[in-house]
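Have a look at the structure below, then the notes.
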Amino acid sequence: MTVKELGMQYLSEEKILRGRIAILRKNLKTFTGNDLICLQERLQGLYFMARNCKQTGYYLINYYDCAGGGYGN
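Just so you know, we're using the working numbering here: the sequence shown kicks off at 1 and counts up by one.
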């Protein structure tokens with residue numbers, strides 16, 4: 001697996017996480033009390049993971065595109 005392929009895999013995981021977030025956000029209105037707090041905390045964690053996957057994915061995809069380098073692709 002190349003670095004670029006690994007980056008693409010991270011971006012794919014980010015899309016999966018965003019889909020899960022969308023499903024859970026639809027359920028927010030049905031929860032109250034501690035269940036609502038737990039769901040909000042779960043969503044916060046998923047947002048964090050999705051953002052990290054996206055950042056890591058783009059970092060890996062562009063790893064060899066540094067200024068003056070242009071090594072490998």
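Note that the Cβ used here is the ideal one computed from N, Cα and C, for glycine as well.
Taking only the alpha-carbon atoms, compute the straight-line gap between residue i and residue j and give it to the nearest angstrom.
i, j, result
"Y59", "R18", "19 Å"
"Y63", "K15", "21 Å"
"N27", "N52", "24 Å"
"F48", "V3", "22 Å"
"E13", "A50", "8 Å"
Return helix, strand or coil for residue i, following the three-state DSSP convention.
i, result
"T56", "helix"
"M1", "coil"
"N27", "coil"
"N62", "coil"
Measure the beta-carbon distance from residue i to residue j and round it to whole angstroms, keeping in mind my assumption that it falls under 8 Å.
i, j, result
"L11", "K54", "7 Å"
Look at the Cβ atom of residue i, then the Cβ atom of residue j, and state whether they are nearer than 8 Å.
i, j, result
"I61", "M1", "no"
"L39", "F31", "yes"
"R20", "L36", "no"
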